[in-house]
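Chemist:
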Amino acid sequence: MNSIFPGMSLLASVEFAFCAITGSITMYNIIHQKPEDLTAFEVCLVGLMLFFGLTCIMLIIGVQKHAHQLIYPSLLARGLTTLFLAVFGVSTVFSSSKNANTPIDYKEWENKQKHSHDEPNMALRLVLFVFAMLFLTVIIFYCSYLVVRLIHYEQAYARLKERRSSLIQAGMIDPDYPSPNNYSASRRASSA
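For the sequence shown, the working numbering begins at 2 and goes up steadily by one.
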């Protein structure tokens, strides 16, 4: 019964540590940059890390208290993480390192043409992006699968706990009723 708790608590703790480190680094960068350099990626990343960290704490509490309602937000956080990776991953991979709208003079344009082979090929970016997204998506889906299994386990545990409680109460009302605490009555009922 207790073998699932350390594993899921460890998973949630590792995820919380990752969220705390990533969110702290991003917040440090946001604080130490100019307000006009703030990007939507940074804001969304901090928001996602705060939400994911909160759901990790809820997951740990839900495992300890056998409250499957506290585990559900973890699935939402994993779905939002997948969406975040898809949206900002694609925009990051396909955006150029230089802004196309900035005015450049002739010398800069010549230097750009001479060193255009220094920038990675778009096909290479796409292949690396596909493999990275595949790897991260498999990890996220596997962790989501573990959380779903935990939810089913907690629901079954709650049903068994309720059934045991009702059997004990029935045994208190009728001593001849077979219950987990009244073995002599259960033996008499089975022999009759």
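Just so it is clear, CB atoms sit at the ideal spot from N, CA and C, and this is done for glycine as well.
Just how far apart, CA to CA, sit alanine 13 and isoleucine 174?
Modeler: Taking the straight line joining both Cα atoms gives about 43 Å.
Chemist: If you run the structure through DSSP and keep just helix, strand and coil, what is isoleucine 72?
Modeler: Coil at isoleucine 72, not helix or strand.
Chemist: So, are the CB atoms of leucine 81 and leucine 49 less than 8 Å apart?
Modeler: Yes, they are a contact pair.
Chemist: Residues in its own chain within less than 6 Å of leucine 11 by CB, not counting five upstream and five downstream?
Modeler: For leucine 11, where only same-chain residues beyond five positions count, there are no Cβ hits under 6 Å.
Chemist: How far does the alpha helix (DSSP H) with leucine 39 in it extend, from its first residue to its last?
Modeler: Counting along the chain, leucine 39 falls outside any alpha helix (DSSP H), and DSSP gives it neither H nor E.
Chemist: Kindly list the residues whose CB is nearer than 8 Å to the CB of threonine 23, restricted to its own chain and excluding five residues on each side of it in sequence; keep chain order.
Modeler: So the list reads Leu46 and Met50, once near-sequence residues are dropped.
Chemist: Could you tell me whether the region 74 to 92 touches the region 132 to 145, using the rule of 3 or more Cβ pairs below 8 Å?
Modeler: Touching, per the Cβ criterion.
Chemist: So, isoleucine 72 versus isoleucine 152, is the Cβ gap smaller than 8 Å?
Modeler: Cβ atoms of isoleucine 72 and isoleucine 152: closer than 8 Å.
Chemist: Could you check which residue in Ala41, Val128, Ser166 and Ala21 has the C-alpha nearest to that of threonine 56?
Modeler: Checked all of Ala41, Val128, Ser166 and Ala21; the closest Cα to threonine 56 is Ala21.
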